[in-house]
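Taking it in order: structure first as structure tokens, then the write-up.
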Ligand SMILES: Cc1ncc(C[n+]2csc(CCOP(=O)(O)OP(=O)(O)O)c2C)c(N)n1
Ligand SMILES: Cc1ncc(C[n+]2csc(CCOP(=O)(O)OP(=O)(O)O)c2C)c(N)n1
Ligand SMILES: [Mg+2]
Ligand SMILES: [Mg+2]
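Protein chains in written order, with this note's numbering: chain H, 1 to 321; chain F, 322 to 642; chain Y, 643 to 990; chain Z, 991 to 1338.
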């Protein structure tokens, strides 16, 4: 028996509903239909009256979750695609994110963002918005890259007394599998060494962790051992683990699938440059998507995001230095 | 006779309306009332039928400007406060920013964002959103720091065939004055050396340029010459001018008023670290606001944003290195 | 469902409790008016109040009449810009207002937010953010959660919006959602003819905002908001219907904003026609007249009520003036309740 | 302004041009149906079409009846998910559809966007973004700009929304704004009873979405969207009113989505009651029957029309199959039209 990344998300919601009566689910088409990606399949039958179909009203969906949280509920909101959270943006960054600081009222809501690119999805069903939300005080942004993290970090997100933006990557939904869910290994806020190495460090997160691992494999053939750090959460960002890795390797490639201006890779590079300047044997590098909307056709989409070959090429430049 | 930063914004809109019949203004209370800050004072009388009061509908305001631009108009949209653009966010980043790339249709709209903190304005009338918009492909983000730039860059913004987010700083509205508006000196995309120096470079933008200049004055007393680079536009960011300055000084402080995670300062530091690593004699530094919403009471607000003294302290750390 | 009806006539006074409700509402209105006049004075004097002052002058009857229907500790209230009277009627101490305006550390917002942006969400009083329209879904969500937890009982929620705020997508989404969930919520729409400087004809094209009630599938009623008696009757009936499971209740009040948008604004854009119109009656004066006409109070008693209100307000202000202001060095600069997830700042 | 009236009876056919309009609309519907069946087949066959296929099966009459009222090169159209028939009626070549679905470099979207996300804004055909509700303000803005430039004449705009899309704040803001500006725009609301899997009772609480027209201060009409004759009449009158300065026209069509939300969806959630309901009639079959009954066409001619449509579609597909696909190395990766403002990427 094996479990996919998507199934792990369903199982985590099952567990959250089972363990805590304060948990409920709100989102478009998540009840009878089980969600556009089936992440809530059968949960309405297993937990009658706790899984609700929402109107196409992302602003009101988030606002209602905030009000419910004030009353002690722990709602999980599913956005049908991360891209559509743009119309719930204000309630997330100005209402949810400020509630505790302004009024001392905790706001334990979890917002699930089906994120990232897949072939043929185009500009509005492919976005990665973690950097947008991470810029605002008062939010926790998690970006699970493994089946185990998809499961445990969703449970942890629901348990946290603050708003959590849970960025789940659609590219991993079906073909990322695990034999079973092991024990919880790390809390939110701690990064993971996905692969140990000596010659260079890739710091990345979400689906790009797997591209990074493949690129590391490729460079192994040339005798290079590349360390891959999986951030797991981009805010808080586990600077200590990043610096410790750079201390070992002396070389940094910050890798992300999002747009190139700003974002997670800029935050990684600037933290390392500021706090571990003398650990660097070479200029730190960044690799992001191209600075255009995300293309529909696979020919373009494959070239828009970082791939094993562009990552490997960047690593070679970094190592050649 | 002298002219304020705010008056320069009004004058630029006057000139834009006078020179190009395709220009019109749309925003809340901007017609008879002349706008919450009076940035459009009397323009409705001087240009009857070209200055329109909008309903409280930021999403529709931006959408209508985009449609108008498709038909050849060059609308200037005033958000009453930058903070409220959060509810026009989707039309800006997904409709305006993608139009040209998707359909080859230029989208010459200018969105004015009265930005930044002032005492007693609180969490929702003080925000700086340049980094949020700069993350998205397809937008130009300008951040004028001087009366001349307020004037010329607004005219340039209207002339550009792409969506421009014009971030005007409310803190500069009234007390930043110039004797008159000189000739246009630099195009959008080029940074300006606001003060030459030899010992360290501050790269900043908007209102912080003036705090940086004061801090530079302060350090002059200790015999240090601090160079201050005014970015003028954060996207595109004039990397060449930044690198040239760091080449002269060997030391970098990236300074901004926005929230600390990500943002303009991270982009500056990571570009310099990646592209001019060996020009740095000390680790690059960043200084931003604190990672909380922007406080209402002046006691807190003054401590939330960078000030002359915190900038000077950061510079001393940087120089001591 | 019944279509929007209009109640213009004043409260009949048939109900036994009409007189005491009228009296207490009047007192709330009066205290709000006196408090806001004081805040305005402090603002104009300068120094003490930083930022703006936004008053509900002319809107006290409409606001208080809703507030008296709500029971603190049981019902949920999401007041907006011009609800000082409603807040007092609901039970918010005026100290909360003064402390928030002066930014005192002792207030509910601790100097972190100011003026009308205050509340105690955990006690049922939501603290508005500035973005108009965005509080309705929050109040709705609180009711939704209580119903889910089986502890809603016959509690209701209430929130306010202005004519301008009805143009926000946020308000529309929340109104529609509240109707779909048939939540017990009163939505009071104060059409004071202006949104800042923008007149109704630049804000909406329907004849009466109550015409929107049918489109949401909710009850809609219009009332002359300058008439406290009428307001009391309309909100009492709305509260009854909501508590009885009748779902959202939209109450549209007709009035005129009798002040600037904020104290910084002379409102010179308001035309005389509006100032001479029916809506321009001062609801406080109208209520006072009725009290005297009905013989429920005599002039001396009214006078004493004003004096009493002034004492309360002056006491509050002088008390708060001695209270500590926020200190950046003692401030806990953490936006998260989970201290272990707070990042250090990366400046060096 | 007149309140929402309901027209249920079929087009009378009084007008001289009714028959030719009916016939041409029918041909557009038929071509759309055949084209979308082909696209569905290509999708199921796999490989050729990446991403989804979204068809308008059951909605062709409502969509085409609007499309035939619009004049390409003069009127502005912002079609949505299920408007293949309307697009054809408006004059979008089916090559645009096939090229966009196959991602051909030759299409209007050049492989950058796909399927229903296509258009030629500079020719008056807006290219929808996915976010529902957000096209209405864009069409309104185009009309606004033309009027401002004094070159609107009697041109109109039109756009579509679904029952689900009416819940978006974006739609509300734009509808209200269009009404305030009294713009000549037809807003067709296709209530096909479901938003993806979500039924009307989870989407809104009013009896009929047309009840919202009065709240916006615009004309509202309901029509049986399975009846081409009725649709033609309703949209013709709406277009007349809009061109004559009557402002926005909201037309609500009653129907059932006769396909999955997309071709990936078996729509098993649609209950038999809905499938047996009136709205479930196939508008194409209904129109066909009428053509035969009226003797406007005979069976052989209908058969030939299908054959002709299939030929067109097959030609288009085989032509496009030979056309170049986008090449990332030749692609101009620039999101700005101002080349001098495009940033290099900062990767090293
Ligand atoms: C989304 C949003 N846009 C703009 C503003 C700025 N603003 C604050 S109050 C106001 C006018 C509100 O008018 P109305 O809703 O009629 O309430 P009133 O002031 O008349 O009580 C505006 C435009 C805001 N707070 N929120
Ligand atoms: C703002 C937004 N939220 C969610 C979605 C995802 N989505 C795409 S189509 C759809 C259902 C639309 O239903 P309806 O408006 O009734 O149109 P129909 O598909 O029935 O034609 C949803 C939820 C979206 N496109 N935009
Ligand atoms: Mg108003
Ligand atoms: Mg539908």
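Ideal Cβ positions, reconstructed from N, Cα and C, are used throughout, including at glycine. These numbers come from a predicted model, not from an experiment.
Contact check for residue 43 (chain H) and residue 91 (chain H): beta-carbon distance about 24 Å, past the 8 Å limit, so the pair fails to qualify. In terms of beta-carbon proximity, residue 1196 (chain Z) lines the interface with chain Y, with at least one pair separated by less than 8 Å. Excluding its 5 nearest sequence neighbours in each direction, residue 185 (chain H) has C-beta neighbours in its own chain below 8 Å: 148, 152, 192, listed in chain order. Proximity to ligand 4 was defined by a C-beta distance below 7 Å to any of its heavy atoms, and the residues meeting it, in sequence along the chain, are Z:1152, Z:1153, Z:1154, Z:1180, Z:1181, Z:1182, Z:1183, Z:1184, Z:1185, Z:1247. Between the segment 728-738 of chain Y and the segment 938-946 of chain Y there are fewer than three inter-stretch CB-CB distances shorter than 8 Å, so the stretches are not counted as touching.
Each of H:244, H:175, H:95, H:140 was checked against the Cα of residue 197 (chain H), and the nearest Cα belongs to H:244. Counted as a single uninterrupted DSSP element, the beta strand (DSSP E) harbouring residue 399 (chain F) occupies residues 395-399. Boundaries of the beta strand (DSSP E) around residue 488 (chain F): 485-490. By a beta-carbon distance limit of 8 Å, residue 430 (chain F) contacts residue 396 (chain F). Their separation comes to about 5 Å. By alpha-carbon distance to residue 119 (chain H), the top candidate from H:316, H:169, H:302, H:308 is H:302. Distance from the CA of residue 528 (chain F) to the CA of residue 549 (chain F), rounded to the nearest whole angstrom, comes to 13 Å.
Secondary structure of residue 161 (chain H) (DSSP, three-state): coil. Put simply, the backbone Cα of residue 1111 (chain Z) is about 26 Å away from that of residue 1222 (chain Z). Under the three-state reduction of DSSP, residue 728 (chain Y) is assigned to helix. Just measuring C-alpha positions, the residue of Y:901, Y:854, Y:858 sitting nearest residue 1208 (chain Z) is Y:854. Remark: the C-beta of residue 772 (chain Y) is in contact range of ligand 1, defined as less than 7 Å to any heavy atom. Within the model, the alpha-carbon separation for residue 777 (chain Y) versus residue 1058 (chain Z) is close to 43 Å. Taking a beta-carbon distance threshold of 8 Å, residue 858 (chain Y) counts as an interface residue toward chain Z. Taken in chain order, the complete beta strand (DSSP E) segments of 3 residues or longer contained in the segment 1105-1162 of chain Z are 1147-1152. One alpha carbon belongs to residue 423 (chain F), the other to residue 780 (chain Y), and they sit about 37 Å apart. Near chain H, meaning a CB-to-CB distance below 9 Å, no residue of the segment 476-506 of chain F qualifies. The segment 578-587 of chain F makes contact with the segment 133-141 of chain H; the number of CB pairs closer than 8 Å reaches 3 or more. For residue 895 (chain Y), no alpha helix (DSSP H) encloses it; the enclosing beta strand (DSSP E) starts and ends at 891-896. By alpha-carbon distance to residue 713 (chain Y), the top candidate from Y:743, Y:885, Y:915 is Y:885. Under the 10 Å beta carbon count, residue 1252 (chain Z) is surrounded by 16 or more other beta carbons and is classified as buried. Of the heavy atoms belonging to ligand 1, at least one sits nearer than 7 Å to the Cβ of residue 724 (chain Y). Relative to the non-hydrogen atoms of ligand 1, the Cβ of residue 399 (chain F) never comes closer than 7 Å to any of them. At a cut-off of 8 Å, the C-beta of residue 35 (chain H) has no neighbouring C-beta in chain F.
Residue 405 (chain F) sits away from residue 771 (chain Y), with the two beta carbons spaced by 8 Å or more. With a cutoff of 7 Å, residue 702 (chain Y) does not count as near ligand 1, since its C-beta is closer than that to no heavy atom of the ligand. Counted as a single uninterrupted DSSP element, the beta strand (DSSP E) harbouring residue 1209 (chain Z) occupies residues 1209-1214. For residue 1103 (chain Z), the nearest CB of chain F lies under 8 Å from its own CB, placing it at the interface with that chain.
Taking C-alpha positions only, residue 346 (chain F) is separated from residue 373 (chain F) by approximately 6 Å. Excluding sequence positions up to five before and after residue 740 (chain Y), its CB lies within less than 7 Å of the CB of 958, 959, 962, all in the same chain and listed in chain order. It is roughly 11 Å from the alpha-carbon of residue 975 (chain Y) to the alpha-carbon of residue 969 (chain Y). Residue 631 (chain F) has its CB no nearer than 7 Å to any heavy atom of ligand 1.
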